[in-house]
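In order, the protein sequences belong to chains A and B. So for the first sequence, my numbering puts the first residue at 280; every next one is plus one. So for the second sequence, my numbering puts the first residue at 81; every next one is plus one. Every residue gets a Cβ at the ideal spot worked out from N, C-alpha and C, and that includes glycine.
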Amino acid sequence: MTPLLSVVDISKRFRGLVAVDKVSFTLAEGEIFAVIGPNGAGKTTLFNMIAGMLAPDEGTITFRGRQIDGMPADAVCRLGIGRTFQIVRPFPALSVEDNVTVGALLHRSDVGAARSYARDVLARLDLFDKRDVAASALTLPDRKRLEVARALATDPKLLLLDEVMAGLVPTETDRMVEILRGLNRDMGVTILLIEHVMRAVMALAGQVLVLHHGAAIAQAPPQNVVRDPKVIESYLGAEAAF
Amino acid sequence: MRALWGAMTPRGKVLLAVLVVALLAAPLAVNRYLLSVLTLTLYFVYVGQAWNLMMGYAGQLSLGHALYVGLGGYVAAALWVHFGIGPWLGVFPAVAVAAAFGAAIGWLGFRFGIEGVYFALLTIAFAEFTRIGFDHIAFTGGAGGLFLPYEEKRLGEWWNLRGGQDFFYYLAFALASGGVVIAALLSRARLGFQWLAIREDEIAARALGIDVFRAKMKAVLISSGMTAIGGVFYAFYNNSLFPAQVFDIGRSIELILAPIVGGLGTIFGPVIGALILTPLGEILIAATERLGIDAPGVKAVFYGLLLMIIISLVPNGVWPWIVRRFALVKHKP
Numbered sequence: 280m281t282p283l284l285s286v287v288d289i290s291k292r293f294r295g296l297v298a299v300d301k302v303s304f305t306l307a308e309g310e311i312f313a314v315i316g317p318n319g320a321g322k323t324t325l326f327n328m329i330a331g332m333l334a335p336d337e338g339t340i341t342f343r344g345r346q347i348d349g350m351p352a353d354a355v356c357r358l359g360i361g362r363t364f365q366i367v368r369p370f371p372a373l374s375v376e377d378n379v380t381v382g383a384l385l386h387r388s389d390v391g392a393a394r395s396y397a398r399d400v401l402a403r404l405d406l407f408d409k410r411d412v413a414a415s416a417l418t419l420p421d422r423k424r425l426e427v428a429r430a431l432a433t434d435p436k437l438l439l440l441d442e443v444m445a446g447l448v449p450t451e452t453d454r455m456v457e458i459l460r461g462l463n464r465d466m467g468v469t470i471l472l473i474e475h476v477m478r479a480v481m482a483l484a485g486q487v488l489v490l491h492h493g494a495a496i497a498q499a500p501p502q503n504v505v506r507d508p509k510v511i512e513s514y515l516g517a518e519a520a521f
Numbered sequence: 081m082r083a084l085w086g087a088m089t090p091r092g093k094v095l096l097a098v099l100v101v102a103l104l105a106a107p108l109a110v111n112r113y114l115l116s117v118l119t120l121t122l123y124f125v126y127v128g129q130a131w132n133l134m135m136g137y138a139g140q141l142s143l144g145h146a147l148y149v150g151l152g153g154y155v156a157a158a159l160w161v162h163f164g165i166g167p168w169l170g171v172f173p174a175v176a177v178a179a180a181f182g183a184a185i186g187w188l189g190f191r192f193g194i195e196g197v198y199f200a201l202l203t204i205a206f207a208e209f210t211r212i213g214f215d216h217i218a219f220t221g222g223a224g225g226l227f228l229p230y231e232e233k234r235l236g237e238w239w240n241l242r243g244g245q246d247f248f249y250y251l252a253f254a255l256a257s258g259g260v261v262i263a264a265l266l267s268r269a270r271l272g273f274q275w276l277a278i279r280e281d282e283i284a285a286r287a288l289g290i291d292v293f294r295a296k297m298k299a300v301l302i303s304s305g306m307t308a309i310g311g312v313f314y315a316f317y318n319n320s321l322f323p324a325q326v327f328d329i330g331r332s333i334e335l336i337l338a339p340i341v342g343g344l345g346t347i348f349g350p351v352i353g354a355l356i357l358t359p360l361g362e363i364l365i366a367a368t369e370r371l372g373i374d375a376p377g378v379k380a381v382f383y384g385l386l387l388m389i390i391i392s393l394v395p396n397g398v399w400p401w402i403v404r405r406f407a408l409v410k411h412k413p
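Spelled out as structure tokens, the structure:
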């Protein structure tokens, strides 16, 4: 079976600093795949290349058989890749529902249909009761959920989640894990996530890719990754205790 | 349209109906002078709507909309004066020429990432060099102006936009109503949502699959084309066009005040803004004359002071404040 996404030897340099260094991996349809690594390891740069915000200097990215590296972000989204931003970017003056309706309008030209789909998505993300609130009035955990809802409303095949658990307390993290697992199971959305919260990574991911100084140093199921001495040394450190 | 009507509370519906009926009946009740003030008010409702689509919804600041008024007016007037082509036909090339200028400005600005105040400077620059250009075009009378012949015997020719004050009043009413309807429909369509998303956060909009360049181009094309129709009205109502007057930056500022004071990105903002500002200007002229202090600039000083007071009291515009205060629109859309 051809993979949903395949990333082959991609690199990105910023004025001589190698942010991502010949990283390769593939993602099968229906998989949940996590990218972990210390701050500055190149995770977000990797994401931005897949999402079309940055063009790689080398290497290719193929999504559903089409080469997408260097494509603009809106075209990548139209092909079926939704993304969230690590530093959330809601449309502050719009209501929560309107924020998500914008996403739903990508593949629906009728505003009424988009609005009702947006409500379904909001219900999934526990935001239905807050649908009339302006996005600017949401708390950070709610904004993170809104970010996911908005991306999900574009009917992605692949969802890129950039640290959606950061800043959440453990009970909120567990709820988010449950939500994401539900999306993956019920809607068949393949998920690629960047995450620092190991509790969530362990619970969700089938495969984990570890980046360090831009290079992939390990790829394995989570229970194996946390035992990998290289990973412990470079990243997990004291956290590896659990 | 039904969505818009349905969004209003009974009180809002009654007020809108009263406003429409009052405006329709106005020629029966008021004198010629007041009717001319109302005509001007409705004209500013219309061009304010056109500008508001671009700024209030799509978030693109144009400080050169007088360009489109002037181009629309000049094209239709020149076709009429030189070739006898009536304005109902002339409006099409008028819109096309203005939209072509809009497209050029939009393409330069949006393709090369000229944003915010720099984009505004670009719009001013186009209006300015067009003004200077028209000073030297002999075909349209150059700096000396272009005059539309005013003949009593043709006054009834509505098909040539020749008519009296009542005729132009109802024409302005139709324009203003049309502008409101267009703004209402667009703001509730997919394109309207795309504009709002771009206004709020362009990068996030792109990440949701919106072709930002295209949506912005649509905004500038629709806005410039609509404004040009206002320009045709302006030319045939005033019967004269001078480059130094129609393309002046003062004209561009004048037409953006109503939507700003009324409420950016709202459908009734330009309406309420024009209903406040245009009569206010006239009242100030009358008041300063009566008080015997009609020195040059006095009116502008008071006008400016009142503007500052209004904006400091309701920084988001008068309309959003009215909606909150008097519950004219249902909480949930």
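Please report the distance separating the alpha-carbon of residue i from that of residue j.
| i | j | result |
| --- | --- | --- |
| B:G170 | B:V149 | 14 Å |
| A:E310 | A:E512 | 27 Å |
| B:V394 | A:R422 | 28 Å |
| B:Y123 | B:L133 | 16 Å |
| B:I390 | B:I204 | 26 Å |
| B:A299 | A:V367 | 27 Å |
| B:W239 | B:G259 | 21 Å |
| A:N227 | A:I347 | Outside the shown range of chain A, which is 280 to 521, sits residue 227 of chain A, and nothing can be said about it. |
| B:P359 | B:I165 | 34 Å |
| B:L95 | B:V117 | 21 Å |
| B:L301 | B:I336 | 17 Å |
| B:A287 | B:A254 | 40 Å |
| A:D377 | B:G86 | 18 Å |
| A:A519 | A:A334 | Any answer about A:A519 is weak, because its pLDDT of 46 lies below 50 and its placement is not dependable; what the coordinates show is given next. Roughly 34 Å between the two C-alpha positions. |
| A:T324 | B:R268 | 36 Å |
| B:F316 | A:S388 | 39 Å |
| A:M350 | A:F342 | 11 Å |
Report the residue from the options whose alpha carbon sits nearest the alpha carbon of residue i.
| i | options | result |
| --- | --- | --- |
| B:V326 | B:F214, B:V161, B:L96, B:Y126 | B:F214 |
| A:D405 | A:A383, A:P435, A:I458 | A:I458 |
| B:V155 | B:E282, B:N111, B:A308, B:G353 | B:A308 |
| A:L447 | A:S285, A:A397, A:L419, A:R398 | A:L419 |
| B:I329 | B:R112, B:G144, B:M135, B:V94 | B:G144 |
| A:V286 | A:V412, A:R292, A:T305 | A:T305 |
| B:V175 | B:G349, B:G342, B:S304 | B:S304 |
| B:I347 | B:G136, B:T119, B:A102 | B:G136 |
| B:L321 | B:A180, B:G345, B:L226 | B:L226 |
| A:D441 | A:G344, A:A414, A:A479, A:D434 | A:A479 |
| B:M297 | B:F247, B:A180, B:Y198 | B:A180 |
| A:V400 | A:L425, A:A495, A:L437, A:A320 | A:L425 |
| A:L523 | A:V314, A:D411, A:I360, A:H492 | The shown model of chain A, from 280 to 521, leaves out residue 523 of chain A, and the question about it has no answer. |
| A:M468 | A:A482, A:R454, A:G295, A:A428 | The residue you asked about is not Met; residue 468 of chain A is Val in the sequence shown. A:V468 has its Cα closest to that of A:A428, out of A:A482, A:R454, A:G295, A:A428. |
| B:K379 | B:G372, B:M388, B:T368, B:L387 | B:T368 |
| B:S430 | B:P90, B:A130, B:A407, B:A285 | Chain B is shown only over 81 to 413; residue 430 of chain B falls outside these bounds and no answer can be derived. |
| B:R331 | B:L408, B:A263, B:R211 | B:R211 |
| A:A402 | A:T339, A:G359, A:G493, A:L462 | A:L462 |
| A:A445 | A:D300, A:N318, A:L437 | A:N318 |
For residue i versus residue j, is the C-beta distance shorter than 7 Å?
| i | j | result |
| --- | --- | --- |
| B:G221 | B:L202 | no |
| A:V487 | A:T452 | no |
| B:V125 | B:P350 | yes |
| A:I496 | A:V314 | no |
| B:R270 | A:L284 | no |
| B:D281 | A:F370 | yes |
| B:W399 | B:I352 | yes |
| A:R357 | B:G243 | no |
| B:L115 | B:Q245 | yes |
| B:T119 | B:F248 | yes |
| A:G361 | A:T433 | yes |
| B:G128 | B:A354 | yes |
| A:V456 | A:A482 | yes |
| A:G321 | A:A298 | yes |
| B:N319 | B:L228 | yes |
* Entirely enclosed alpha helix (DSSP H) segments - the region 358 to 440 of chain A, minimum 4 residues -> 375 to 383, 390 to 403, 419 to 431
* Contact list for the region 304 to 320 of chain A against chain B, Cβ threshold 8 Å -> none
* To do: Quick one: which residues of the region 373 to 386 of chain A get their C-beta closer than 9 Å to a C-beta of chain B? List them in chain order.
  => L373, S374, E376, D377, N378, T380, V381, G382, L384, L385, H386
* Check distances from the C-beta atoms of the region 390 to 405 of chain A to those of chain B and list, in chain order, the residues that come in under 8 Å. => V390, A393
* Asked: Mind listing which residues of the region 316 to 347 of chain A have their C-beta closer than 9 Å to chain B's C-betas, in chain order?
  -> A330, G331, M332
* **Residue ranges of each alpha helix (DSSP H) within the region 283 to 346 of chain A, 4 or longer** => 322 to 329
* Asked: What residues in the region 347 to 362 of chain B have a beta carbon less than 7 Å from any beta carbon of chain A?
  -> none
* Please specify which runs of the alpha helix (DSSP H), each continuous and at least 4 residues long, are wholly inside the region 335 to 373 of chain B, giving them in chain order. => 349 to 370
* Which residues, taken in chain order from the region 284 to 301 of chain B, show a beta carbon closer than 8 Å to some beta carbon of chain A? -> A284, A285, R286, A287, L288, G289, I290, D291, V292
* Contacting positions in the region 250 to 271 of chain B - beta carbon closer than 7 Å to chain A -> R268, A269, R270
* **the region 149 to 183 of chain B: positions lying closer than 9 Å to chain A by Cβ** => none
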